[in-house]
Structures are given as structure tokens and as C-alpha cells.
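Enquirer: Quick note on numbering: the sequence shown equals residues 111 to 430 in the working numbering.
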Amino acid sequence: MTEILSVDDASIARAAALLREGKLVAFPTETVYGLGADATNGKAVASIYEAKGRPSFNPLIIHVAETGALDTLIDWNDTARVLASALWPGPMTLILPRRKDAPVSLLASAGLETLAVRIPSHLDALKLLRAVGLPIAAPSANASGKLSPTTASHVAESLGEAVDLILEGGRSRIGVESTVIDVSGPEPVILRPGGITQEQLAAILGRNVAVPDAAMGGDDSPASPGMLTSHYAPHLPVRLNAEAAEDNEAFLGFGSVAGVGETGRLNLSPSGDLNEAAANLFAMLRALDSSAYVGIAVAVIPNIGLGAAINDRLRRAAAR
Ligand code: AMP
Ligand code: MG
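#1: Where residue 127 and residue 387 are concerned, what is the direct C-alpha to C-alpha distance, given to the nearest angstrom?
#2: Where DSSP assigns a beta bridge to residue 373, which residues make up the other side?
#3: What does DSSP give as the partner residues of residue 202 in its beta bridges?
#4: Grab me the residues of residue 136's own chain with a C-beta within less than 6 Å of its C-beta, minus the 5 sequence neighbours each way, in chain order.
#5: Candidates 163, 219 and 238: which alpha carbon is nearest residue 115's?
#6: What is the residue span of the beta strand (DSSP E) that residue 209 lies within?
#7: Assuming contact is defined by CB atoms lying nearer than 7 Å, are residue 225 and residue 184 in contact in what I supplied?
#8: Could you check what DSSP says for residue 192 in three-state terms: helix, strand or coil?
#9: Are the CB atoms of residue 427 and residue 398 within a distance shorter than 7 Å?
#10: Could you tell me which residues DSSP puts in a beta bridge with residue 156?
#11: Considering Cα atoms alone, identify which of 391, 429 and 314 is closest to residue 196.
#12: Sorry if obvious, but does the Cβ on residue 214 come closer than 6 Å to a heavy atom of ligand 1?
#13: Is the separation between the beta-carbon of residue 321 and that of residue 291 shorter than 7 Å?
#14: May I ask which residues mark the beginning and end of the alpha helix (DSSP H) holding residue 302?
#15: Could you round the C-beta distance between residue 231 and residue 140 to whole angstroms and report it? I think they count as a contact, below 8 Å.
#16: Output the distance between the C-alpha atoms of residue 217 and residue 363, rounded to the nearest integer angstrom.
#17: Just to confirm the assignment, what range does the alpha helix (DSSP H) spanning residue 382 have?
#18: Can you check whether the CB of residue 159 is closer than 7 Å to the CB of residue 402?
#19: I'd like the list of long-range same chain contacts for residue 311, defined as Cβ closer than 6 Å, with 5 residues on each side in sequence excluded.
#20: What's the gap between the Cα of residue 424 and the Cα of residue 254?
What follows is the structure, given as C-alpha cells:
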């Protein structure tokens, strides 16, 4: 059985140590329980998707304990400052431009130019975030497509052995996810309704905040927020299931396919580890997306485990 520990100094220290080692820790927040991993560690982030059995790479929310910890991750603007000082810590997630040098895995933001960030108000969540001192990527701690967990035992039922430690901190007070607000553009837009209402936002900002119809579809529907923003797509055409590069094509290999270290050739995981491949996917696509080549050929990726999410992303990149 997965270890479930109630929150005290010792369990917080242990949870922080596990997170620093790249392990998964489920923890209570005021919205729902989160499945946390070190956001700066690509393999740790990949194991979140693996544990949830997500068929695609939805971008994840990055959790920190105080606004200062966001300065190296995102570019602030006035709207974000106003909302942050009014509503954090609390059930609000802000989408902001991701800093070029942000030390967060590209997999955590699914290759997007933006980053979703939040300061939760649950005291146990804040204790953990302060103790670990790293940005923590955390989606809801349930298997993909299942109900969000509001108690530690929901987490254990849904994720079982896939999580290394569950911190028990009582029932989530709010019980619905955070409100996701995109403040990266000229007008704030609600991408997901949640713990903070449209009326609250309008009162704070002194103007109406739009909710596109598509945002009303619910968390895991095809119209979910991640789909509203166009995901990073390479400029070059992408050719799938390739055995080798053709003239002037870059090559993205996997396992024994494709040499490593040659110009224009990268390998997602020479050892054939799908977790490592997921962690490398967006960074390697970016590295090969250069005017030096006419396209990017990609080797066959087995469609098992995280391979399904990798192939989903590659099909989208190839489909344009
Ligand atoms: P969950 O992982 O269940 O907490 O849900 C996180 C929500 O935030 C999902 O609906 C994501 O699509 C959304 N999200 C996270 N990052 C971004 C981003 N950079 N742009 C737009 N939506 C995002
Ligand atoms: Mg969820």
C-alpha cells in the first residue's frame, strides 16, 4: 500500500525530500488533492502523466509558496499583480508568459509559451511548498478521466501504488478546481470556471472578464482550457514513423533508431525509456526546429504507457 501520513514536521520533511529526489507526492489543497512533482525535473514531470494515465500532455499548474518565487518563472503584468495580491493564496490559477530561462521542464507546460501558476491557501500545502523550496507541478491527484479527489483515501483509491507518498490533510474545503484565468494577453479570459467566481474577478478588476463558451465544457472535455491555446507546433513539417532522415531532414530517434550526437539528429531516449522520451520531447522538437532543415522525421514510438501521449502530441505536430 502507498504510505499515507498525516501532516506534521516529520511527514513534511519526508515529503520534501521525496520531491527533491524526483518522486511523486500527493498533497491536500483547498481545491482538490494535487499530485506533485519537482517542476524543474523533466523525468519527475513525465511520471505525473504516467501515474494519471493521461492520453495526452495537458499543461500542468505550477505551485509555489510566495509570489517572489514566480519572478524567475513568468513575466508579470499589472492585471496579474492586482489579481495576485487580491486572491492569493487561494483557488486561482494565472496563465502568464513563461520566461525564456524559466527553470521549469517544457513538458510541464506542454511546450506552450505560457505557464500556469498558483499559490494555494491550504496551510499544509504551503508548509510543503516552503519546505521543498522548488516549483511543484501538480494536477489533480486522480487517474485521468476520473473524479477529482477531495480526501487522501480518494487519492489512494484512484492512483494506488503510482504515488510515492500521500499527505493526509483533511477534506478539501472548496472541492472544485481553481479558476484558470489567462492574463497573458491584452484582455483577461477565464479558461476554466472554479473556486473564484466571474463576479469576484469583475469586482476586483473593475471590468467584466470574458468566459468563452468552450471553457464551460468541464475539466476533461475536448474543449478543456489547454485546447483553447494553440500548443507549440514546430515551424517545420513533421514526418512520423520514419526509419531514417531524407535529404536535409532533421531526425528525432528513439531507442536503437538513429545515431546520437550527429548534427541534426537527436534521440528521445537511446535506452528506449518512454518516461525519458516524454521528458525530452518538447525540448528536442524545439532544438531541431531550425531553418537548417526542411522537416523533422520522427522514429516510431511504441504506443504503450507514455508512448500514447507522445504519439498524440506528435500527430498534432504533424497534422498541420
Ligand atoms: P489540472 O491539471 O486538473 O489541475 O488542470 C489544469 C488546468 O489548467 C487544465 O485545464 C489545463 O489545460 C490548464 N492549463 C495549464 N497550463 C495552461 C496554459 N499554459 N495555458 C492554458 N491552460 C493551461
Ligand atoms: Mg484534473
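The C-beta atom is built at its ideal place from N, Cα and C for all residues, glycine as well.
Expert: Considering the structure as presented:
#1: If you take the alpha carbons of residue 127 and residue 387, they lie about 25 Å apart.
#2: BP columns for residue 373 are empty, so no partner.
#3: Residue pairing of residue 202 in beta bridges, as defined by DSSP: 289.
#4: For residue 136, where only same-chain residues beyond five positions count, the Cβ hits under 6 Å are 143, 145, 251, 265, 273 and 276.
#5: Among 163, 219 and 238, the Cα nearest to that of residue 115 is on 238.
#6: For residue 209, no beta strand (DSSP E) run applies, since DSSP gives it neither H nor E.
#7: Result yes, Cβ atoms of residue 225 and residue 184 sit closer than 7 Å.
#8: Note: residue 192 maps to helix in three-state DSSP.
#9: Taking 7 Å as the Cβ cut-off, residue 398 and residue 427 do not qualify as a contacting pair.
#10: For residue 156, which the question treats as bridged, DSSP gives no partner whatsoever.
#11: Distance from the Cα of residue 196 is smallest, within the candidate group 391, 429 and 314, for 314.
#12: Checking every heavy atom of ligand 1 against the Cβ of residue 214, none is found closer than 6 Å.
#13: Their beta carbons are not under 7 Å apart, which means residue 321 does not touch residue 291 by this criterion.
#14: Run containing residue 302: none in the alpha helix (DSSP H); it sits in the beta strand (DSSP E), 299-302.
#15: The C-beta distance from residue 231 to residue 140 rounds to 5 Å, short enough to meet the 8 Å contact threshold.
#16: CA-to-CA, the gap between residue 217 and residue 363 works out to about 18 Å.
#17: That residue, residue 382, is in no alpha helix (DSSP H); it is neither H nor E in DSSP.
#18: With contacts defined by Cβ atoms closer than 7 Å, residue 402 and residue 159 do not form a contacting pair.
#19: Excluding sequence neighbours, residue 311 sits near 319.
#20: Spanning the alpha carbons of residue 424 and residue 254 requires a straight line of approximately 20 Å.
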